[in-house]
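Quick note on the numbering used here: the sequence shown kicks off at 1 and runs consecutively. One structure is given below, encoded as structure tokens.
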Amino acid sequence: MKVLAPNTLLLAVAAGLAACSPGTAADSPAEAVRAAESRLLDRHDSVMAQAGHLFELRQQITAARPANAAPYLRGLQAADGAMMEWMHAYHAPDSTAPAPQRLAYYQQQQQRLEAVEKRMRGTIDSAAALLKQAPGAPAPATK
């Protein structure tokens with residue numbers, strides 16, 4: 001039986017513990033891709049919930065008929081169009097593509113979807129403010 005020096009034994013134990021740690025699997029390229037895709041799809045679901053709010057606000061503004069509604073209605077329509085455009089352009093990368101390439105795609109799409117979400121949020125906030133100012137208008141639904 002071979003006896004290991006104390007330093008060698010310490011390194012062997014540390015390497016063994018590192019191999020068993022739960023962070024190792026999450027650090028793999030494939031896991032990073034899955035996590036990025038999951039974050040993107042979660043954000044998509046969140047933004048889609050806001051898209052429903054766009055529709056509600058368009059109905060409320062149309063019913064309230066405030067004097068300066070046209071730009072707000074166009075803004076709501078444009079924000080909805082931006083979301084539909086993103087969804088139409090999104091195509092999940094081929095699973096056989098290299099992990100770094102897929103990860104880069106998901107990160108790029110995350111940034112694009114974030115921009116759509118910011119546009120949508122700003123439009124919703126503006127339309128809700130318009131409804132608050134409209135005389136006799138119902139209170140805007142908040143989400």
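Glycine included, every Cβ here is placed at the ideal spot set by N, Cα and C. Small disclaimer: the values here were computed from a predicted structure and weren't measured.
Taking C-beta atoms under 8 angstroms as the contact rule, R43 and L113 qualify, at a distance of about 5 angstroms. Less than 7 angstroms divides the Cβ of A69 from the Cβ of I61.
Boundaries of the alpha helix (DSSP H) harbouring Y106: 99-133, taken from the DSSP string. By the 16-neighbour rule on beta-carbons within 10 angstroms, T123 is buried. DSSP places A69 outside both helix and strand once states are collapsed to three, so it counts as coil.
Here E117 has V47 as same chain residues with Cβ atoms under 6 angstroms from its own Cβ, once five neighbours each way along the sequence are excluded. In this structure L103 is not in contact with A51, their Cβ atoms being roughly 27 angstroms apart against a cut-off of 8 angstroms.
In the structure shown, A63 adopts helical secondary structure according to DSSP, grouped into three states. Rounded to whole angstroms, the Cβ separation of R119 and A89 is 15 angstroms, and the two are not in contact under 8 angstroms. Cα atoms of A128 and L40: separation of roughly 27 angstroms, rounded to the nearest angstrom. Taking 7 angstroms as the cut-off, the beta carbon of D27 is found no closer than this to the beta carbon of L54.
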